[in-house]
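Going by the working numbering, the first residue of the sequence shown is number 846, and it counts up by one from there.
In this text, a Cβ means the ideal position worked out from N, Cα and C, and glycines have one as well.
Below is one structure, written out as structure tokens; the observations come after it.
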Amino acid sequence: MFCLIKSIVNRGLQAVDIALHLGAHRCATTTFQTFLDQNRQQLAGHGVQVWTPANTRAGLFDGLICPPDQDATREIARARTMAAGLQASQLVVSEENMIGTPRNNLAVGALYPGLTPRLQRFEQVFKGQVRRIGLAIRSYESYWVSTMSYAAIRGHALPDRAACAALATQQRSWTDIASEIRALFPSVPLHIWLFEVFANRPRRQFNMLSGRQDITHLLDQTPAWKNTSRTARQLRKRLKAQGRLSELALLPLGDQRWQPFTSLEQHHMAGRYADDIAYFRSGTDPLIQFTQNAAIKVLRRNNTRATPAFDIGEYHDGHAEMG
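Following this line, the structure appears as structure tokens:
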């Protein structure tokens, strides 16, 4: 009986092309997911089903996003059965927690340190049916500032000078992340785009992720910014409200963007980001699809390797009135 059920599930999955959107966190991912949610009906009318956190965090991925040493055989089978039962030609799955969590990144002091065992579970769920993968990346400096800011307003301690220095020099790169994803899905194109360029362009993101240019113009991309970061003034207000007075000294006065990294650390991280972009542009891995013009735009705006990119992505992330 089990073999029969497995055969039915496999046949069902073979009828569905799957696209995985892996985030990353703090890269306008929740905003993109809101775009998918508000277009569910339109997409379904064209054979596209979407799984966003509205699905995945409502029980669908229970047991799959858990410590790597915890057995998830039953949960993998359940998720496969759900995917096989879809009445659709394509399934778009957007869930950044498939590669890790910001909390773990900060706790370990590294960029998605447990990606491979975590994502491997989802490779087993969608085995053989993933046709495209999408990943948004952003400069290390702005990624870590945004992550720390978002964590702080949720009760996590602000990092001290030593913690910031450690994050600035942690060894894992976006190139490492891409390589690990490609190792798990060796025949699947990986589409990488820049947060700094595409944060406010969900239609373009959907194009790259799904390949469905035929329906993109029908989708509503009315701005709905979600989970934006806070200014230094807003962080101070939140810390005061939480009674965390001892941490106020770590924040500047005024309404500027919080910047816990030194100029030297910013220079180092900007250089590493430029190296990532250069690698993705090089075509070394032919299955990594990268938008050349977008990369050039960011590099020119940087002007030098020492200056982080400030584009619409930074505006999206840094201004509360957009939240």
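C-alpha distance - residue i paired with residue j, whole-angstrom precision
| i | j | result |
| --- | --- | --- |
| leucine 1003 | glutamine 1058 | 43 Å |
| arginine 1102 | arginine 1075 | 8 Å |
| proline 1034 | glutamate 1092 | 44 Å |
| proline 958 | serine 994 | 20 Å |
| leucine 905 | glutamine 1087 | 33 Å |
| lysine 1085 | lysine 972 | 49 Å |
| phenylalanine 1135 | isoleucine 1037 | 5 Å |
| alanine 1165 | leucine 1080 | Unreliable positioning characterises alanine 1165 in this predicted model, as indicated by a pLDDT of 27, which lies under 50. A coordinate reading is not provided. |
| aspartate 907 | alanine 1115 | 37 Å |
| histidine 1112 | asparagine 1045 | 26 Å |
| isoleucine 982 | alanine 873 | 10 Å |
| serine 934 | glycine 868 | 23 Å |
| threonine 1067 | arginine 1126 | 31 Å |
| proline 1097 | alanine 889 | 48 Å |
| alanine 922 | phenylalanine 1040 | 34 Å |
| asparagine 900 | aspartate 882 | 10 Å |
| glutamate 1110 | isoleucine 1060 | 43 Å |
| alanine 1008 | leucine 1064 | 42 Å |
| alanine 903 | asparagine 1052 | 27 Å |
| arginine 1006 | leucine 1012 | 10 Å |
| proline 962 | leucine 1132 | 22 Å |
| alanine 1010 | threonine 926 | 46 Å |
| serine 1032 | histidine 1001 | 39 Å |
| phenylalanine 880 | valine 970 | 25 Å |
Buried versus exposed, by CB contacts within 10 Å (16 or more), residue i
| i | result |
| --- | --- |
| glycine 945 | buried |
| isoleucine 863 | buried |
| alanine 871 | Reading off the sequence, residue 871 comes out as arginine, not alanine. Arginine 871 should be labelled buried. |
| threonine 1014 | exposed |
| glutamine 932 | exposed |
| glycine 930 | exposed |
| glutamine 887 | exposed |
| alanine 924 | buried |
| valine 1129 | Sequence check: residue 1129 is threonine here, not valine. The residue in question, threonine 1129, is exposed, as its Cβ has fewer than 16 Cβ neighbours within 10 Å. |
| leucine 980 | buried |
| leucine 1054 | buried |
| serine 1108 | exposed |
Nonlocal neighbours in the same chain, by C-beta distance under 7 Å from residue i, ignoring five residues either side
| i | result |
| --- | --- |
| tyrosine 1118 | Ser984, Tyr985 |
| phenylalanine 1030 | Glu968, Val975, Ile978 |
| glycine 1056 | Arg977 |
| proline 898 | Gln878, Glu940 |
| histidine 891 | Ile1060 |
| arginine 885 | Val895 |
| tyrosine 988 | Arg871 |
Coil, strand or helix - residue i by DSSP
| i | result |
| --- | --- |
| aspartate 1130 | coil |
| glycine 1116 | helix |
| tryptophan 989 | helix |
| serine 1055 | helix |
| glutamine 935 | strand |
| isoleucine 863 | strand |
| arginine 1089 | coil |
| leucine 905 | helix |
| phenylalanine 1125 | helix |
| alanine 1008 | helix |
| aspartate 1021 | helix |
| isoleucine 921 | helix |
| leucine 1080 | helix |
| threonine 1107 | coil |
Neighbourhood of residue i by C-beta distance below 6 Å, restricted to the same chain and skipping five residues each side
| i | result |
| --- | --- |
| threonine 1020 | Asp1121, Tyr1124 |
| aspartate 1100 | Thr1076, Arg1078 |
| phenylalanine 1043 | Arg1049, Gln1050 |
| leucine 1095 | Leu1003 |
| valine 938 | Leu865, Trp896 |
| threonine 992 | Arg871, Pro947 |
Nonlocal neighbours in the same chain, by C-beta distance under 8 Å from residue i, ignoring five residues either side
| i | result |
| --- | --- |
| leucine 936 | Val861, Asp862, Ile863, Ala864, Val893, Gln894, Val895, Trp896, Ala928 |
| histidine 1062 | Arg1048 |
| alanine 996 | Pro947, Arg948, Leu951 |
| glutamine 999 | The sequence shown places arginine at residue 999, rather than the glutamine named in the question. Closer than 8 Å at Cβ, skipping near neighbours: no residue. |
| leucine 960 | Ile944, Gly945, Ile1022, Glu1025, Ile1026 |
| valine 990 | Ser1074, Arg1102, Trp1103, Gln1104, Pro1105, Phe1106 |
| alanine 955 | Gln1015, Gln1016, Arg1017 |
| leucine 964 | Leu867, Met943, Ile944, Glu1025, Ile1026, Leu1029 |
| leucine 1090 | Leu1084 |
Paired residues, beta bridge with residue i - DSSP
| i | result |
| --- | --- |
| tryptophan 896 | Val938 |
| alanine 981 | Trp1038 |
| valine 975 | Ile863 |
| phenylalanine 1135 | Ile1037 |
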